[in-house]
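The opening position of the sequence shown corresponds to residue 73 in this note's numbering, with each subsequent residue numbered one higher. Note sheet for the following structure.
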Amino acid sequence: MNTYTPEYYLELAERYGMKKAMDLYGYYLDDTMPIAERVVKVAEKVQHREDLVIRKLNLKKLREEVEKVKYIYNKAWEKNWGFVPLTDEEIDHMADDLKMIIDPNIAFFAEVKGNPIGFSLSLPNMNEILIKLDGRLLPTGIFKLLYYMKIHRIVKGVRTLIMGLIPEYRGRGIDNLLYLETIRQGPLHGYHWSEMGWILETNFKMNRAIEALGGRLHKVYRIYDYAL
């Protein structure tokens, strides 16, 4: 789902003096790939042991839901490489941008006693629709877009854009539970494959968790530094 460049771009960038700063991984996963049994068992134990609820995003309260995303994101990522906190203005833009394309069947919150402690957000692969519109939304493309999204659904893939847990709930298997819920719900609503990422190459726990779910390394996105 994400764009990518030809491999020779790397050579051009490095010749110009750019240096690798960080690689980010994108994983491919589809509903034919087996999931490690231990992952399923851990997730089931977590759901029974913790006072935990996994629920779908509520579109009727989208602004409130996106505010919860901001809260979790800013706590979960604050020590990550390259972190910049989300602002209220960005949250407003996010809510507006998501209104048309988000599918609550593949967006989940983890809550303990009603308090949000984690979330997983996947979005439909809109490229499967845009290719039928030749990339043009006007003057009639917007109606075709809605038709292919709401009536004659043709999208088979999703991008699992982001998943996060606030620090005190990490290491308990809740991340596996969020991923499994996406994997289980996706095919029920017509989705059969996912690209998961970006994930920092240094986020070893997250990379191992996705590999345990059956994810296969699909793309590597490189960020470069350049000294000015």
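Yeah, the Cβ is synthetic: ideal placement off N, Cα and C, and Gly gets one too.
Please report the straight-line C-alpha distance between residue i and residue j, rounded to a whole angstrom.
i: residue 191; j: residue 106; result: 24 Å
i: residue 150; j: residue 156; result: 8 Å
i: residue 241; j: residue 79; result: 39 Å
i: residue 135; j: residue 186; result: 17 Å
i: residue 170; j: residue 92; result: 32 Å
i: residue 230; j: residue 244; result: 26 Å
i: residue 116; j: residue 124; result: 11 Å
i: residue 265; j: residue 256; result: 11 Å
i: residue 153; j: residue 211; result: 42 Å
i: residue 94; j: residue 271; result: 10 Å
i: residue 86; j: residue 263; result: 39 Å
i: residue 161; j: residue 126; result: 28 Å
i: residue 280; j: residue 121; result: 23 Å
i: residue 168; j: residue 278; result: 29 Å
Give the C-beta separation of residue i and residue j to the nearest angstrom, bearing in mind that I take them to be a contact with Cβ-Cβ under 8 Å.
i: residue 98; j: residue 273; result: Contact doesn't hold; Cβ gap of about 11 Å is too wide.
i: residue 254; j: residue 178; result: 6 Å
Can you list, in chain order, the residues of its chain with a C-beta nearer than 7 Å to that of residue i? Leave out the 5 residues immediately preceding and following it.
i: residue 217; result: 201, 205 and 209
i: residue 233; result: 193, 194 and 195
i: residue 226; result: 200, 201 and 220
i: residue 236; result: 144, 145, 148, 149, 190 and 191
i: residue 166; result: 138
i: residue 128; result: 176, 177, 179 and 180
Compute the distance between the beta-carbons of residue i and residue j, then report whether it is under 9 Å.
i: residue 158; j: residue 184; result: no
i: residue 84; j: residue 285; result: no
i: residue 96; j: residue 287; result: no
i: residue 275; j: residue 228; result: no
i: residue 138; j: residue 163; result: yes
i: residue 88; j: residue 298; result: yes
i: residue 282; j: residue 118; result: no
Please return the same chain residues whose Cβ sits closer than 6 Å to the Cβ of residue i, not counting the five positions on each side in sequence.
i: residue 147; result: 238
i: residue 131; result: 176
i: residue 213; result: 205
i: residue 74; result: none
i: residue 261; result: 177
Given the structure, does residue i come close to the ligand FAD, in the sense that its CB is under 8 Å from one of the ligand's heavy atoms?
i: residue 240; result: As presented, the structure is devoid of all ligands, the ligand FAD included, so that no description of it is given.
Report all residues from its chain with a CB closer than 8 Å to the CB of residue i; omit the five preceding and five following residues, and keep chain order.
i: residue 259; result: 103
i: residue 188; result: 140, 143, 144, 181 and 182
_Across the stretch 219 to 228 and the stretch 291 to 298, are there enough close Cβ pairs to call them in contact, namely three or more that are closer than 8 Å?_
no
*Between the stretch 240 to 257 and the stretch 111 to 121, are three or more C-beta pairs nearer than 8 Å?*
yes
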